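Worksheet: the structure to be examined is printed underneath.
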Amino acid sequence: MDFAMDPEMMPGLAEAAELARTARRVVVLSGAGLSAESGVPTFRDAQTGLWERYSPEQLATEDAYRADPELVWAWYQWRARLVRSCAPNAGHHAVAAWQRRLSGSPGAGTGHDAGPAGSRGTLTIATQNVDDLQERAGAEVMAHLHGSLFDYRCADCGEPATHDPGTATADTAGAGGPGSTPDLESLLRIAPPRCAVCGDGMLRPGIVWFGEMLPADALADTIAALEDCDLAVVIGTSATVQPAASLPYAALGAGAAVVEVNPEVTDFSTAATVSLRGLAGQVLPALVPAYDGHHGPFR
Ligand code: BV8
Ligand code: ZN
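In this text, residue positions in the sequence shown follow this note's numbering: the first is 18, and each later residue adds one.
Encoded structure:
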């Protein structure tokens, strides 16, 4: 078993890799840390550029949107454009490859790593992340528990809407801050488009704000998957925001093993079966089982 990382280097890695090799019903629960190595700031990382002066917790609420829709709308447009300028990292690709290998999908490739025709298991992804990097790495994501930067709806009639946030511009280059040019300041306020259905409402991002319920189906499907899995992998979340932070316990309660991947200790670390102190982009490629080409188990 060749690791990019030496198992001796990281306590628990060999145990976690063995759990990954034999697991057939895997659930991945991911947080902002999975996208950190792609350059997407985690929710609590200091805001950069023009946005340094604002606290994300204050902006990510309906009250903030109602009080200053142009500011909140501009913040989400900035974040969407920033995500557009980032690429999936090795962690996203490892999860996507694992999903393909377990499902035996043609995308698993035809060579050494190909899975046999037909499914040998499942890997279900539920994420707290509002970016689309896991999809852009080729994976199927069952649930975006906190919504997506690329979904929109009318704040009044609720009708879904399409909107293109555009691509990276000067404001996403981290420019701005004191003495920034006046046009960058104007990027702090952008009027949300009007709803094409009711004509009155403004568009809002399809994001779950603090104080808002998570999408009921997404939450129920995630809990059901966790209660049925034999392994859950919790990647890059500080386990502070509820109810998402309680989800890993559903897997533990159902008797599954739970592996945590985080460079920091979290409130969940002591409950995890194995807690790996490392970066997603380094640890996950070492966890994903390499298929040995026969119809037997993963090597
Ligand atoms: C709700 C979208 C109530 C916004 C987000 C108990 C039960 C229910 C609710 C509550 C409760 N207690 C408190 C609440 C209220 C609140 C809450 O949890 N507050 C917290 C602050 C205490 N919860 C809510 O409001 C939720 N709603 O419950 O509704 C209700 C009930 C009944 C009826 C009506 C309403 C809604 C919560 C969703 C909020 N929206 N996101 C946006 O993005 O703009 S949450 C947002 O913050 C993220 O999605 C993420 O989930 C969360 C944390 O963000 P981060 O800290 O950045 O990310 P993360 O936690 O993932 O931390 C980064 C981690 O990565 C770190 O651990 C770091 O070490 C690690 N890392 C860094 N680099 C790497 C890495 N790991 C691996 N590799 C690396 N390279
Ligand atoms: Zn409307």
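Think of the CB as a built atom: it goes at the ideal place given N, C-alpha and C, for glycine as much as any other residue. Remember, predicted model here, so these are calculated numbers, not experimental data.
query                                                                                          : result
Local Cβ density within 10 Å of Ala34, reported as buried at 16 or more and exposed below that : buried
Range of the contiguous alpha helix (DSSP H) that encloses Thr287                              : Looking at the DSSP string, Thr287 is not in any alpha helix (DSSP H), and its letter there is neither H nor E.
Own chain, CB closer than 6 Å to Val45, minus 5 neighbours either side, in chain order         : Val112, Ile142, Val250
8 Å contact criterion, which Glu281 and Ser292 should meet: CB distance rounded                : The Cβ separation is near 10 Å, so there is no contact.
Alpha-carbon spacing of Leu301 relative to Trp226, whole angstroms                             : 29 Å
Same chain, Cβ closer than 7 Å to Cys246, neighbours up to 5 away in sequence not counted      : Arg42, Val43, Val44, Ala268, Ala273
Local conformation of Glu54 per DSSP, three classes                                            : coil
Three-state secondary structure assigned by DSSP to Glu4                                       : Past the boundaries of the shown model lies residue 4; the chain is included only from 18 to 316, so the question cannot be answered.
Between the CA atoms of Ala213 and Leu304 - distance to the nearest angstrom                   : 47 Å
Cα-Cα separation between Gly56 and Ala154, rounded to whole angstroms                          : 15 Å
Span of the beta strand (DSSP E) around Tyr169                                                 : 164–171
Burial state of Arg83 (16 or more Cβ within 10 Å)                                              : exposed
Cβ shell of Pro14 (< 7 Å), same chain only, five flanking positions each side left out         : The chain is shown from 18 up to 316; residue 14 falls before or after that span and cannot be answered.
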